[in-house]
């Protein structure tokens, strides 16, 4: 195929109510490094209603061009409509690389786009770089149940497409002095899908700090011995304004809901402090939290992988260590 037709690195922005989500900024930072290696530009594609004002924020975070489709029909995410619009834009502007967040929205959207564009897609990447010899996108992700990391290339098709989990890439600091271009595209009515419509949106008002935003996370694994152990973790979380999470083993045992799971098949987090209690540290879990600033592990097994990864390893029974921690915190 003639690769010379394809140029630039695209980031598909994710937004809600006109506010761009952090994963978009993280991807813009990654896209900057890729584009510099390819001597290309970073484009950000922004779809929705009332999103034009967010273009400047994207430029401040490394976008050179922001391609905006601002229309009431795009106010609510409908995967088929969004895919129709993106494929039209890809056909028109021929990007070399397309990146998107590995979120619920991204996972619903990008596979549709890739199939229609007849190109490869690597999901849940943890690393992106450019091959020095071929110029291809090197896409690294966990494979074989998370036991190894595979590096994948799409040598025969363009664009090269990848999704990246939130909190994997570093968010660039905004530079309000950066200049860029905003291109406004109209919405062809024929691209709007009428097969699906949103009847109602229900906001999750759960009274807990989200894992994505938490600065302190206390996580429980099989060492909690049962669902009651998470009560102890919640006591700690309340004292430090933190959030509770879990390993897959605890979720699979039915001790806590899947929405709390961190790891390859759960969420990726990057808190200031990650306190792992009774978690051995299988690679599937580590890929979801290893970028935490400070990792503390409490385990009776000093040779557990999590204990070796931790900045501070506490060899002991969590049912003795955590109550002592709670008593100490209440004295502060």
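Numbering (my numbering), first residue to last: 4 to 335.
The C-beta atom is built at its ideal place from N, Cα and C for all residues, glycine as well.
Residue range of the beta strand (DSSP E) that residue i falls in?
i: residue 163; result: 163 to 167
i: residue 154; result: 151 to 155
i: residue 145; result: 140 to 146
i: residue 70; result: 68 to 73
i: residue 297; result: 297 to 302
i: residue 191; result: Careful: residue 191 lies outside any beta strand (DSSP E) and carries neither H nor E.
i: residue 247; result: 246 to 249
i: residue 206; result: Looking at the DSSP string, residue 206 is not in any beta strand (DSSP E), and its letter there is neither H nor E.
i: residue 132; result: 130 to 133
i: residue 222; result: 219 to 223
i: residue 21; result: It is not in any beta strand (DSSP E) - residue 21 carries neither H nor E in the DSSP assignment.
i: residue 200; result: Unbroken run through residue 200: none, as it is neither H nor E.
i: residue 13; result: 12 to 15
i: residue 101; result: 100 to 104
Since I believe residue j is in contact with residue i (beta carbons under 8 Å), could you give me their beta-carbon distance rounded to a whole number of angstroms?
i: residue 77; j: residue 51; result: 5 Å
i: residue 63; j: residue 216; result: 21 Å between Cβ atoms; not a contact.
i: residue 45; j: residue 65; result: 6 Å
i: residue 73; j: residue 54; result: 5 Å
i: residue 321; j: residue 280; result: 4 Å
Tell me where the alpha helix (DSSP H) around residue i begins and ends.
i: residue 277; result: Element bounds for residue 277: not the alpha helix (DSSP H) but the beta strand (DSSP E), 276 to 280.
i: residue 321; result: 321 to 334
i: residue 84; result: 82 to 96
i: residue 317; result: No alpha helix (DSSP H) contains residue 317, which is instead part of the beta strand (DSSP E) from 315 to 318.
i: residue 284; result: Residue 284 -> no alpha helix (DSSP H), and no H or E assigned at all.
i: residue 32; result: 25 to 41
i: residue 50; result: Element bounds for residue 50: not the alpha helix (DSSP H) but the beta strand (DSSP E), 45 to 51.
i: residue 242; result: 232 to 242
i: residue 116; result: 107 to 120
i: residue 62; result: 58 to 63
i: residue 312; result: 308 to 312
CB-CB under 7 Å to residue i, same chain, minus the five flanking residues each way: which ones, in chain order?
i: residue 16; result: 23, 27, 47, 48, 49, 61
i: residue 312; result: 284, 289, 293, 298
i: residue 229; result: 258
i: residue 161; result: 4, 6, 9, 99, 122
i: residue 328; result: 239
i: residue 159; result: 4
i: residue 273; result: 170, 294, 295
i: residue 307; result: 283, 284
i: residue 232; result: 223
Compare the beta carbon distance of residue i and residue j with 8 Å and say whether it is the shorter of the two.
i: residue 258; j: residue 278; result: no
i: residue 223; j: residue 236; result: yes
i: residue 128; j: residue 144; result: yes
i: residue 336; j: residue 240; result: Examination of residue 336 is not possible in this model, given that the chain is present from 4 through 335 alone.
i: residue 187; j: residue 71; result: yes
i: residue 21; j: residue 57; result: yes
i: residue 250; j: residue 282; result: yes
i: residue 131; j: residue 164; result: no
i: residue 25; j: residue 105; result: no
i: residue 305; j: residue 318; result: yes
i: residue 170; j: residue 271; result: yes
i: residue 248; j: residue 263; result: yes
i: residue 69; j: residue 34; result: no
i: residue 93; j: residue 120; result: yes
Can you find the residues in the same chain that come closer than 6 Å, C-beta to C-beta, to residue i, ignoring five residues on each side of it along the sequence?
i: residue 103; result: 15, 109, 113, 166
i: residue 296; result: 275
i: residue 135; result: none
i: residue 97; result: 8, 9
i: residue 302; result: 310
i: residue 67; result: 44, 45, 183
i: residue 316; result: 300, 310
i: residue 218; result: 274, 275
i: residue 175; result: 32, 64, 65
i: residue 146; result: 153
i: residue 337; result: Given a span of 4 to 335 for the chain in the structure shown, any question on residue 337 remains unanswerable.
i: residue 314; result: 297, 298
Give me, in chain order, the residues of the same chain whose beta-carbon lies closer than 8 Å to that of residue i; leave out the 5 immediate sequence neighbours on both sides.
i: residue 85; result: 50, 77, 112
i: residue 133; result: 37, 40, 41, 139, 140, 141
i: residue 173; result: 29, 32
i: residue 194; result: 84, 87, 88, 91
i: residue 107; result: none
i: residue 201; result: 79, 81
i: residue 191; result: 91
i: residue 196; result: 81, 83, 84, 87
Assess, as a yes-or-no matter, whether the segment 180 to 197 is touched by the segment 25 to 41 under the definition of 3 or more beta carbon pairs within less than 8 Å.
No, because fewer than three Cβ pairs between the segment 25 to 41 and the segment 180 to 197 fall closer than 8 Å, the two stretches do not touch.
Three or more C-beta pairs below 8 Å linking the segment 239 to 259 and the segment 151 to 160
The segment 239 to 259, when compared against the segment 151 to 160, does not touch it at the 8 Å Cβ threshold.
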